[in-house]
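One structure is given here, and the rest of the page talks about it.
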Amino acid sequence: MMGSELEKRFIHCLQDNKNFLVSRSYAHQNAGWIINTRTEPAMSWHLKAQVDLGVKEGVGILSRPDYVLYPLMQSEKIKPVAIFLDGFAFHKDSVSDDVQKRQAIKDSGNFWVWTVTWADLQEQGIKHVQNVMGLGHNPDMKQPKFYNPFHDTNFATLEGSFRERNSFALLLDYLSDPGNKTLLWQKMAAAFAWVWLDPKKSQDTGAKQKYAYEMQENASAYRLNALLPDEPFVFGGLLDSCSSSQQFIELAAVVPQQAIKSTTSIEQMRNWLRLHICFDDRYSQDNGYEAGFNGFWWMVNLLQFLPDMTFTSRKAVHLPQKPEAVKMQTSVVVDIQPDESWAEILEFGLLGAEEIALLQSLSLPAPTVGYELQDDDGEIIAEADLAWPLQKQALIIDNQEFTALFASKGWHVAFGPIDENTLQHLSGGDK
0 MMGSELEKRF
10 IHCLQDNKNF
20 LVSRSYAHQN
30 AGWIINTRTE
40 PAMSWHLKAQ
50 VDLGVKEGVG
60 ILSRPDYVLY
70 PLMQSEKIKP
80 VAIFLDGFAF
90 HKDSVSDDVQ
100 KRQAIKDSGN
110 FWVWTVTWAD
120 LQEQGIKHVQ
130 NVMGLGHNPD
140 MKQPKFYNPF
150 HDTNFATLEG
160 SFRERNSFAL
170 LLDYLSDPGN
180 KTLLWQKMAA
190 AFAWVWLDPK
200 KSQDTGAKQK
210 YAYEMQENAS
220 AYRLNALLPD
230 EPFVFGGLLD
240 SCSSSQQFIE
250 LAAVVPQQAI
260 KSTTSIEQMR
270 NWLRLHICFD
280 DRYSQDNGYE
290 AGFNGFWWMV
300 NLLQFLPDMT
310 FTSRKAVHLP
320 QKPEAVKMQT
330 SVVVDIQPDE
340 SWAEILEFGL
350 LGAEEIALLQ
360 SLSLPAPTVG
370 YELQDDDGEI
380 IAEADLAWPL
390 QKQALIIDNQ
400 EFTALFASKG
410 WHVAFGPIDE
420 NTLQHLSGGD
430 K
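Mapped onto numbering that gives the first Met the number 0, the consecutive letters of the sequence shown carry residue numbers 0 to 430.
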């Protein structure tokens, strides 16, 4: 399930939940939906589709989440949530790009970033998830004499805050009570980082060398200073060097030795602790890869509440780093012409107002959003972001490898952003 179908499924799942009242909004800019929480009437959200996030929002890499949830109650403690809906077929091989964009959103400090997979919307619980959260813990770090000075909430309570809750269910938990959930999950992420630490391994020269080698494989150069600091430090996690490595998902927990002292407060320890998660995206055909994919994003959703947390993939580590900033397109006032053929696109916010106005200004009919191309056996082999099946025209924004597949079926394809140049090329005009 991909493109517009996945987005519609997300909205339907929200509407079907008895704890929320979801209604279309035409009073707010860019329309969208208003989500009211039945258990907390004062807590409401504005859900917008296809929002560009870039330098204006403090995001270093331009990206377009499927949705962004904005709290209607102004509070510095409650962040908006950038939501990505990942169909496995078309995201299993784009993790390296996805992690860079989503890390940039987290790094802005202005948003939480949340990934929901098709399986999260289809299945209850976490049977579809590779759950490694409970693995590799150091029992010594859970002993009261080590745990209690730096954590004020029982570990079992923190663990219970997400038990058997998949990424969509956890998102709903956040929407219902964002202030308390933020604090609870900050404590949870810090507690898990703590119990993953292995002071004994950290004193072993061979283990330290192996850990350093692992970080060279699992982390980009900019992150190595935090994961391999010059000062004495304690490490642990789900790693070969700790004899706890897991297929697909590896995790490092780090804290400087100087932080472990009686004068360090609970909040200070939370800021000292560091987490880094790496997903092995090199072998997407392997058994268990989809569960690993689901489990990785589930962990990212949960552990992002630790202030110093990063995530990446094995392929992304070896890619050139994205530029720190990108140029945002200038906003313009747009006028969308009413037309029944555009009703679904408007209803579900599948395109932004500027994009719809641009398409209409070029006299293009309403496209199919998220068009799936099938081979002769009915297997889905590619997807176009926008398609006009009768005219056999397609526009592809990100996955350039799909252009050849469409062209082989007799389609005229344009690759690039939804702008005037790309659309003119699609229509047969100048590039």
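Glycine included, every Cβ here is placed at the ideal spot set by N, Cα and C.
Item: Can you check which of these residues, L170, L305, L363, is closest to D119 by C-alpha distance?; Value: L170
Item: Leaving aside the five residues before and after A406 along the sequence, list all residues of the same chain whose C-beta is less than 7 Å from its C-beta, in chain order.; Value: V412
Item: Give the C-beta separation of K91 and S283 to the nearest angstrom, bearing in mind that I take them to be a contact with Cβ-Cβ under 8 Å.; Value: 5 Å
Item: Using the rule of at least 16 other Cβ atoms within 10 Å of the residue's Cβ for burial, across every protein chain shown, is A220 buried or exposed?; Value: exposed
Item: Among I417, G133, G415, which has the Cα closest to the Cα of L157?; Value: G133
Item: In its own chain, which residues sit with a C-beta less than 6 Å from the C-beta of W410, not counting the 5 before and 5 after it?; Value: K391, A393
Item: Just verifying my parser: in three-state terms, what is the DSSP assignment at P177?; Value: helix
Item: Mapping the DSSP letters down to three states, classify W387 as helix, strand or coil.; Value: strand
Item: Three-state secondary structure (DSSP) at V50?; Value: coil
Item: Using a Cβ-Cβ cutoff of less than 7 Å, which residues in the same chain neighbour Q14 once the five nearest sequence positions on both sides are dropped?; Value: V21
Item: On the CB-based measure, 16 or more other CB atoms within 10 Å of its CB, does R269 come out buried or exposed?; Value: buried
Item: Looking only at its chain, what residues have a beta carbon closer than 6 Å to the beta carbon of L361, apart from the 5 residues adjacent to it on each side?; Value: L422
Item: Candidates I125, V253, A251, V368: which alpha carbon is nearest S166's?; Value: I125
Item: If we ignore side chains and look at the alpha-carbon of each, how far apart do R313 and V98 end up?; Value: 11 Å
Item: Please work out which residues of its chain come closer than 6 Å, Cβ to Cβ, to F414, disregarding the five sequence neighbours upstream and downstream, and give them in chain order.; Value: I395, Q399, T402
Item: How would you call S240, buried or exposed, if buried means at least 16 neighbouring beta carbons within 10 angstroms?; Value: buried
Item: Taking all protein chains shown into account, decide if P79 is buried (16 or more other Cβ within 10 angstroms of its Cβ) or exposed.; Value: buried
Item: Hey, could you find the ends of the beta strand (DSSP E) S312 is sitting in?; Value: 308-312
Item: Is there contact here, the region 221-234 with the region 185-193, by at least three beta-carbon pairs under 8 Å?; Value: no
Item: Do you know how far the Cα of E266 is from the Cα of K255?; Value: A small correction: the amino acid at residue 255 is Pro; Lys does not occupy that position in the sequence shown. Approximately 15 Å, taken between the alpha carbons.
Item: For V316 and F232, what's the separation of their Cα atoms in angstroms?; Value: 23 Å
Item: Closest by CA to N137, which one among E75, F154, L226?; Value: F154
Item: Applying the 10 Å Cβ sphere with the 16-neighbour rule, what's the burial state of E289?; Value: buried
Item: Am I right that L238 and E216 are in contact with their C-beta atoms under 8 Å? What's the rounded C-beta distance?; Value: Not confirmed; about 11 Å, so no contact.
Item: Please report how far the alpha carbon of E249 lies from the alpha carbon of L425, in whole angstroms.; Value: 43 Å
Item: Tell me, to the nearest whole angstrom, how far the beta carbon of Q129 is from that of G294; I am working on the premise that it is less than 8 Å.; Value: 3 Å
Item: CB-CB under 6 Å to E230, same chain, minus the five flanking residues each way: which ones, in chain order?; Value: P255
Item: Buried or exposed: which applies to G135, given that a residue is buried once 16 or more other Cβ atoms fall within 10 Å of its Cβ?; Value: buried
Item: Helix, strand or coil for S243 per DSSP?; Value: coil
Item: Where do the ends of the alpha helix (DSSP H) carrying Y221 lie?; Value: 220-226
Item: Compute the Euclidean distance between the alpha carbons of N147 and A192, then round it to the nearest angstrom.; Value: 14 Å
Item: How many Å lie between S43 and F83 at the Cα?; Value: 20 Å
Item: Please look up how many angstroms separate the CB atoms of G59 and K47, rounded, as I've assumed it's under 8 Å.; Value: So it is not a contact: roughly 21 Å between Cβ atoms.
Item: According to DSSP, which residues form a beta bridge with E249?; Value: C277
Item: Helix, strand or coil: which one does DSSP assign to M1?; Value: Because the pLDDT at M1 is just 42, under 50, the model does not fix this residue reliably, and the value given afterwards should be weighed accordingly. Three-state result, M1: coil.
Item: Using DSSP bridges, identify the partner residues of Y66.; Value: A48, I82
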